[in-house]
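Q: Got a structure here, written out as structure tokens. Questions coming.
Numbering (the numbering used here), first residue to last: -14 to 157.
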């Protein structure tokens, strides 16, 4: 966990500055511009999460630890989903989850302040809620309540999350 940010990742700086803007009460503003214009090309979800974390500590390593926690949760949730979806041995499921966790992109994303790991966590959570709801003959209402929340979180973290909303809508 290097306390320095990547020099070539503009999105990291933009996420941190938007989160800082929200945490300071200035709203969703581009505080790195002289006039501080409203809005950004990025959805508000991840800067909002960062602003909540910045209320605890604005330390870069603390913010990177959030990405790492999402990475660990993604690996555990992926293991659980593979175990429930596929009818294969636990050893093979463990190897599949290990392959994901040792993927170079996943390892790189685990310690960078970018939206990839929370976005994947929101998508996997949506898959989990969908799977549990369908496997229980569609009569557990708490999952039907939590599913749209996780899908909207995915959409607000990255615009691509709209695809999960459409996919689950057509599936159900």
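Where a beta carbon is used, it is the ideal one built from N, C-alpha and C, also for glycine.
Quick caveat: nothing in here was measured; it's all calculated off a predicted structure.
Taking just the CA atoms, how far does residue 46 sit from residue 53?
A: On the chain shown, position 68 is the one that residue 53 refers to. On the chain shown, position 61 is the one that residue 46 refers to. Each residue's alpha carbon lies about 10 angstroms from the other.
Q: Less than 8 angstroms between C-beta atoms, sequence neighbours within five positions excluded: which residues of the same chain meet that for residue 106?
A: Position 121 of the chain shown, counted from the first residue, corresponds to residue 106. Excluding residues within five positions, the ones whose Cβ falls inside 8 angstroms are 55, 58, 59 and 62.
Q: Taking only runs of the alpha helix (DSSP H) that begin and end inside the segment 30 to 90, which ones reach a length of at least 4 residues, in chain order?
A: Fully enclosed alpha helix (DSSP H) runs of 4 or longer: 30 to 41, 45 to 70 and 75 to 86.
Q: Output the distance between the C-alpha atoms of residue 85 and residue 149, rounded to the nearest integer angstrom.
A: Taking the first residue of the chain shown as position 1, residue 85 is located at position 100. Taking the first residue of the chain shown as position 1, residue 149 is located at position 164. Roughly 20 angstroms separates the two Cα atoms.
Q: Hey, how far is the Cα of residue 35 from the Cα of residue 5?
A: For this step, residue 35 is matched to residue 50 along the chain shown. For this step, residue 5 is matched to residue 20 along the chain shown. The alpha-carbon atoms of residue 35 and residue 5 are separated by roughly 8 angstroms.
Q: In chain order, what residues of the same chain have a beta carbon less than 8 angstroms from the beta carbon of residue 112, not counting five sequence neighbours either side?
A: Here residue 112 refers to the residue found at position 127 when the chain shown is read from its first residue. So the qualifying residues of the chain are 66.
Q: Does DSSP put residue 23 in a helix, a strand or coil?
A: By 1-based counting over the chain shown, the position of residue 23 is 38. Residue 23: strand per DSSP, three-state reduction.
Q: In whole angstroms, give me the CA-to-CA distance for residue 144 and residue 28.
A: Translated into positions along the chain shown, residue 144 becomes position 159. Translated into positions along the chain shown, residue 28 becomes position 43. Distance between the alpha carbons of residue 144 and residue 28 is about 7 angstroms.
Q: Could you tell me the distance, in whole angstroms, from the CA atom of residue 135 to the CA atom of residue 37?
A: Your numbering for residue 135 matches position 150 in the chain shown. Your numbering for residue 37 matches position 52 in the chain shown. The straight-line gap from Cα to Cα measures roughly 18 angstroms.
Q: Using DSSP bridges, identify the partner residues of residue 14.
A: For this step, residue 14 is matched to residue 29 along the chain shown. Paired residues: 23.
Q: Based on Cα-Cα distance, which residue from 2, 125, 89 and 116 lies nearest to residue 71?
A: Along the chain shown, one-based indexing puts residue 71 at 86. The shortest C-alpha separation from residue 71 is found at 116.
Q: So, at 8 angstroms on beta carbons, what are the nonlocal neighbours of residue 41 in its own chain, with the 5 sequence-adjacent residues on each side left out?
A: Mapped onto the chain shown, residue 41 falls at position 56. Closer than 8 angstroms at Cβ, skipping near neighbours: 47.
Q: Assuming residue 152 is part of the alpha helix (DSSP H), what are its boundary residues?
A: On the chain shown, position 167 is the one that residue 152 refers to. 147 to 156 is the span of the alpha helix (DSSP H), which, as asked, contains residue 152.
Q: Closest to residue 80 by C-alpha separation, out of 23, 68, 90 and 108, would be which residue?
A: Position 95 of the chain shown, counting from 1, holds the residue named residue 80. Minimum Cα distance to residue 80 is reached at 68.
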